[in-house]
Each structure stands twice: as structure tokens, then as C-alpha cells.
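**Q** Everything in the sequence shown is counted per the working numbering, starting at 110 for the first residue and increasing by one. This is the structure I want to talk about, given as C-alpha cells.
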Amino acid sequence: METTKSHIALLASPGMGHLIPVLELAKHLVSHQSFKVTVFVVATDHASLANTHLLQSPADSGDLLHIVLLPFIDVSDIGGPSVSFIATIVTTVLRSMPFLRSEISKMEFRPTALVVDLFGTDALEIADEYNMLKFVFIASNAWFLAVMLCTPEIDRKEIDEHVKNRKPLHIPGCKPIKFEHNLDVFFMDTNDPFYQGYVEAINKMSLTDGILVNTWDELEPTTLKALRETKKVPIYPIGPLVRPIEKSVFGNEIIAWLDKQPKQSVIYVSFGSGGTLSAQQVKELAWGLELSQQRFVWVLRPPTENDAAGTFLALGNGSDATLDYLPDGFPARTQDRGLLVPMWAPQVEVLSHPSIGGFLTHCGWNSTMESIVNGVPMIAWPLYAEQKMNASMLTEDIGASIRVMAVESDAAVGREEIRSVVRKILVDRQGRNIRSRIKELKDNAANALAKGGSSYNSMSQVANICIQHLKTKASGA
110 METTKSHIAL LASPGMGHLI PVLELAKHLV SHQSFKVTVF VVATDHASLA
160 NTHLLQSPAD SGDLLHIVLL PFIDVSDIGG PSVSFIATIV TTVLRSMPFL
210 RSEISKMEFR PTALVVDLFG TDALEIADEY NMLKFVFIAS NAWFLAVMLC
260 TPEIDRKEID EHVKNRKPLH IPGCKPIKFE HNLDVFFMDT NDPFYQGYVE
310 AINKMSLTDG ILVNTWDELE PTTLKALRET KKVPIYPIGP LVRPIEKSVF
360 GNEIIAWLDK QPKQSVIYVS FGSGGTLSAQ QVKELAWGLE LSQQRFVWVL
410 RPPTENDAAG TFLALGNGSD ATLDYLPDGF PARTQDRGLL VPMWAPQVEV
460 LSHPSIGGFL THCGWNSTME SIVNGVPMIA WPLYAEQKMN ASMLTEDIGA
510 SIRVMAVESD AAVGREEIRS VVRKILVDRQ GRNIRSRIKE LKDNAANALA
560 KGGSSYNSMS QVANICIQHL KTKASGA
């Protein structure tokens with residue numbers, strides 16, 4: 110019987126932003142460590158997920174990678190449309206635990222380790238039941254992780270000063286959080302069940318065998334140093350993990366259009382798998398792109414009022430080809446220099462194309478990593494979750510982006526601002542400076558992943574821990 114190969118189980122919580130990095134980690138463990146990997150997928154939209162290629166194991170993984178879609182969970186009883194996507198994720202994952210336990214119990218060779226994300230910490234009890242190592246995978250940056258880990262220890266008076274008087278919130282050894290970059294959790298009452306669940310999840314994370322982070326030492330040296338010095342839990346920066354280019358996409362109409370454009374002449378506009386804009390903001394964005402007189406590829410979704418994460422839990426590449434929410438005549442007036450793409454585009458393939466000169470992005474961390482790996486400067490337009498922190502880091506610390514600014518904090522970003530930032534990134538000197546900086550980041554990201562690089566070594570440490578644990582179990586110790 111085969112008992113000498115480490116077997117890693119990963120749990121992916123709902124949402125493309127969670128599923129994709131978990132799948133990339135799984136593929137990395139197979140291709141670089143030759144581990145057997147099982148990915149358990151919790152999803153709220155089974156039908157759409159089934160229509161994607163995401164649940165298909167790569168041809169080169171042999172029999173080492175298995176993807177298991179856990180049964181559908183009905184969460185309609187927790188409320189109507191006003192329920193946040195976070196509440197939906199938390200409830201769905203919690204109710205999936207019996208199915209996860211059942212799947213693991215049926216395995217002939219149970220996993221050596223269980224890796225969960227922030228929303229999957231309840232599954233760590235199952236790891237304890239079956240003597241598995243426990244890891245958490247944070248598909249975001251080290252600054253966000255540092256904020257999470259220190260939240261239970263921050264004096265509530267400091268948080269109140271931060272929220273009520275808009276003073277910076279100091280994080281030990283790290284950059285403070287400005288009020289305008291705030292996380293929703295700091296506005297919660299400490300008696301709120303979701304706040305208590307958040308703190309409980311953080312406490313569980315601190316008791317694991319380590320936290321894997323989708324970043325690398327050279328990108329966040331100060332923050333990672335501070336995290337390691339706290340010695341709360343081992344930290345393993347293993348990024349950037351991004352989806353590789355799929356050659357089958359070439360021949361796609363978007364790629365064919367890009368093939369006809371000059372080098373670094375196109376702005377790619379996309380707000381990720383979950384981001385949506387209001388009707389007014391969609392119109393202002395359209396006018397801004399038109400006024401810029403620059404080439405663009407714009408991935409559009411129908412507007413949604415008062416919900417910036419309106420499609421976070423929707424999967425697949427469905428389309429809405431009506432585009433009747435755009436300004437009258439916009440498609441016709443811009444058809445010679447713009448491409449409108451309903452709902453979905455092959456983002457990695459688009460960003461890797463030589464005609465792309467900039468990326469107007471919501472600053473989701475997956476999109477950020479894809480942009481850096483492909484050497485594309487960004488225009489930061491954050492919408493929800495930790496994206497405002499990401500935008501701050503990209504603009505103020507790393508020098509990889511410029512930031513869109515509304516005239517008033519709650520107002521739509523105006524067309525003149527959009528025209529200005531698009532031209533800055535594609536035409537002006539500022540864009541050239543950012544492009545030069547992005548090239549440096551692209552190179553040191555590649556070095557981090559290469560043999561002997563910082564992320565390569567971190568992943569090797571995790572692999573060695575798993576191998577040693579398997580040997581210890583096999584010896585009966």
C-alpha cells in the first residue's frame with residue numbers, strides 16, 4: 110500500500126476569489142512537491158461552477174490531484190437579499206462541516222495536513238480528530254494578516270478612536286490603518302455574533318502549525334519581519350500564486366482584438382469576479398474612457414445599487430449582452446478603439462498580452478498578483494473588503510499604481526478624474542515610472558518562486574514539516 114506520499118487536503122470557501130488561489134496552491138503542491146492533494150470545494154452556485162473548467166484536474170497532475178465538490182447547502186433561511194455575502198459564506202461553510210468530516214472519514218489514506226482559509230477555521234477540529242497538521246492559507250497580503258492577528262489584542266478604546274475620531278489605528282511593527290482604509294470588522298459591536306466569530310477564527314489560526322500567505326519576502330519585508338517577531342504562529346510567504354496562462358484561450362475574440370493593437374496601448378478595465386458599480390458610476394466610467402481617447406478592453410456587469418460586491422458569489426462566464434445601461438451611443442462612438450466584454454474575460458491571458466499598458470482594477474489580491482506577475486501598472490479603484498488597504502499599499506508603499514479619487518468620499522468617481530488617470534498610466538511620465546517599478550516587482554516575484562528563492566524555500570519548509578509528520582505517524586510515535 111502507498112503510504113509514503115504526503116496527502117494534503119485543502120478546503121475552498123465560496124467565491125471565485127477564494128477558489129482560484131486554493132486551486133493554484135493545490136497545483137503547486139502537486140507539481141513542485143509531488144504530493145497527493147484533495148481539494149474540497151464549498152460553493153453557493155453549483156450549476157454555474159459545473160459549467161466552468163475549474164473543477165477539472167489538470168492533465169499533467171496524473172492521479173495526484175482530486176477535486177471534490179461538497180453537497181449544496183441551502184442558506185435561504187438566514188435572510189433575504191440584504192444579507193451580506195460574508196454572512197452567506199460563513200453560514201455555508203459552517204453547514205458544510207458534516208459533509209467534509211464524512212468525506213475525510215471515508216478516505217483509505219487520510220490527509221497528512223488540512224489547509225483552510227479564513228472562513229474554514231471550524232474545519233480545524235476535524236484535523237485534530239484525525240491527527241492532521243493544521244495550516245491556514247491567507248490568499249491576501251501580510252499587512253492584512255497582521256491586522257487580523259492583532260485584532261483581538263487591540264484595546265477597544267483605540268478602535269473607538271479610530272472609528273469615531275478617524276485616527277490611524279496602529280498595528281505593531283506595521284503601517285497604521287487610516288480611517289479611509291478601514292475594515293468593516295472595526296465597525297461591529299463586540300457582542301455581534303459575526304465579530305465574535307471573527308475573533309474566534311483568529312484565535313484558532315494562532316494555534317495552527319503555520320499560516321501560508323500569498324505574498325513574498327521582498328514585497329513586504331517590514332510586515333513579514335514584524336509577524337515573525339511576534340512568534341504567535343509560523344508564517345510562510347509562498348507567493349505569488351497565480352493562474353498560469355492557458356494556451357487554449359488564444360484564438361479568443363478578445364485576444365484576437367488585442368493582437369491588432371499597438372504595444373502597451375490598451376487599458377484593461379475589470380472589477381474582478383465580484384465587483385459591481387452603481388448605474389451612475391458605470392456611466393461616468395464610460396464617459397471617462399471615451400474622453401481619454403485611449404484604447405480599452407472593459408469587462409462589464411450590469412449595475413447594482415448599494416452593493417459593491419454584488420456578484421462575489423456568482424461563478425462562471427455568463428453574459429449580459431444588452432449593455433443598455435451605458436450612455437446612449439457609447440458603443441458606436443468607441444467601437445474603433447474599445448472592446449466591450451459582457452461579464453467575463455480570460456484575465457491572465459489579457460494581462461499577459463503585450464498590447465496591455467495598464468489595468469484599472471478593484472485591487473482584489475488575486476488581480477493584483479496577476480498584474481504584478483505580468484508587469485502591468487495599475488489604476489487602483491478599491492470597492493470592498495481589504496481592497497482599500499491593498500490600494501494604499503500599491504500606491505503609497507510599493508509604487509505599482511495610481512489611485513482614482515472621488516470629489517467626495519461617497520460620491521461617484523467623475524469622468525474627468527477617470528480620463529486623467531487613464532492618460533497618466535498610458536501616456537504620461539507617471540505611467541512610465543510605474544511601469545519601470547512594476548518590471549522590478551515582476552522580476553523579484555519570479556526570483557522568489559525560483560529554486561532557492563524566498564517563497565520556494567518557504568514552501569519547501571512546509572513540505573518538510575508534512576513529510577516529517579507522515580513519517581512520525583507511520584512509525585506509530
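Glycine included, C-beta positions come from ideal geometry on N, C-alpha and C.
Is the beta carbon of A118 sitting closer than 8 angstroms to the one on E327?
**A** Cβ distance not < 8 angstroms, so A118 and E327 don't count as in contact.
**Q** Check whether the region 394-405 and the region 523-539 are in contact - that is, three or more C-beta pairs closer than 8 angstroms.
**A** Contact between the region 394-405 and the region 523-539 is present, because at least three Cβ pairs lie under 8 angstroms.
**Q** Which partner residues does Y377 have in the DSSP bridge list?
**A** For Y377, which the question treats as bridged, DSSP gives the partners V406, F468.
**Q** I'd like to check one pair, A310 with L227: are the Cβ atoms closer than 8 angstroms?
**A** Going by C-beta atoms, L227 is nearer than 8 angstroms to A310.
**Q** Could you give the uninterrupted runs of the alpha helix (DSSP H) lying entirely in the region 246-292, keeping only those of 4 residues or more?
**A** 251-259, 265-273, all fully within the region 246-292.
**Q** Taking contact to mean 3 or more Cβ pairs, one atom from each stretch, closer than 8 angstroms, check whether the region 557-569 and the region 218-225 are in contact.
**A** The answer is no - the region 218-225 does not touch the region 557-569, with fewer than three Cβ pairs under 8 angstroms.
**Q** Can you grab the Cα-Cα spacing for the pair T196 / V184, in whole Å?
**A** Looking at the sequence itself, residue 196 is Ala, so the reference to Thr does not match. Their backbone Cα atoms lie some 10 angstroms apart in a straight line.
**Q** Which residues in the same chain as K276 place their Cβ atom closer than 8 angstroms to its Cβ, once the five residues preceding and following it in sequence are excluded?
**A** So the qualifying residues of the chain are E270, F288.
**Q** Could you tell me if R538 is buried or exposed, where buried requires 16 or more neighbouring beta carbons within 10 angstroms of its beta carbon?
**A** By the 10 Å Cβ count, R538 comes out exposed.
**Q** Skipping 5 residues on each side, what residues in its chain have a beta carbon closer than 6 angstroms to that of V182?
**A** The question names Val, but residue 182 is Ile in the sequence shown. Closer than 6 angstroms at Cβ, skipping near neighbours: T201, R204, S205.
**Q** Check whether the region 125-141 touches the region 241-251, taking contact to mean three or more Cβ pairs, one atom from each stretch, closer than 8 angstroms.
**A** Contact between the region 125-141 and the region 241-251 is present, because at least three Cβ pairs lie under 8 angstroms.
**Q** Counting only runs of 4+ residues fully inside the region 163-237, write out the alpha helix (DSSP H) ranges in chain order.
**A** Taking only runs of at least 4 residues, the alpha helix (DSSP H) segments lying wholly in the region 163-237 are 194-215.
**Q** How many Å lie between T443 and V482 at the Cα?
**A** Each residue's Cα considered, the two are about 30 angstroms apart.
**Q** Can you look up L386 in the DSSP assignment and give me helix, strand or coil?
**A** Coil, per DSSP.
**Q** Taking A255 and I286 to be in contact with their CB atoms under 8 angstroms, please state how far apart those CB atoms are, rounded to whole angstroms.
**A** Contact flag wrong, Cβ pair sits at about 10 angstroms.
**Q** Quick one: Cα of R352 to Cα of K266, how far?
**A** Roughly 42 angstroms between the two C-alpha positions.
**Q** What residue does the alpha helix (DSSP H) around L128 start on, and which one ends it?
**A** Start and end: 125-142.
**Q** Is the beta carbon of L209 closer than 8 angstroms to that of L120?
**A** Yes, they are a contact pair.
**Q** Using beta-carbon positions only, say whether L127 and F144 come within less than 8 angstroms of one another.
**A** Residue identity differs from the one stated: residue 127 is His in this sequence, not Leu. Cβ distance not < 8 angstroms, so H127 and F144 don't count as in contact.
**Q** Here's the rule: buried if 16 or more other CB atoms are within 10 angstroms of the residue's CB, otherwise exposed. What is K284?
**A** Buried: at least 16 other Cβ atoms inside 10 Å.
**Q** Under three-state DSSP, which class holds G540?
**A** The answer is helix: DSSP assigns G540 an H, G or I state.
**Q** For P349 and L550, I'd like the C-alpha separation in whole angstroms.
**A** Spanning the two alpha carbons is a distance of roughly 11 angstroms.
**Q** Count the other CB atoms, across all protein chains shown, that sit within 10 Å of the CB of I511; report buried if there are 16 or more and exposed otherwise.
**A** I511 should be labelled buried.
**Q** Are the CB atoms of E479 and Q456 within a distance shorter than 8 angstroms?
**A** Contact: yes.
**Q** Can you tell me whether C283 sits near the ligand FMN, meaning its C-beta is under 7 angstroms from at least one heavy atom of the ligand?
**A** You won't find the ligand FMN in this model; it holds no ligand whatsoever.
**Q** Can you tell me the Cα-Cα spacing of H578 and D506, whole angstroms?
**A** Their backbone Cα atoms lie some 39 angstroms apart in a straight line.
**Q** Taking L233 as the reference, which of G319, S563, L398 has the closest Cα?
**A** Ranking G319, S563, L398 by Cα distance to L233 puts G319 first.
**Q** If contacts are defined as beta-carbon pairs under 8 angstroms, then E458 and I364 qualify, I think. What distance do you get, rounded to the angstrom?
**A** Rounded, the Cβ-Cβ distance is 6 angstroms, consistent with contact.
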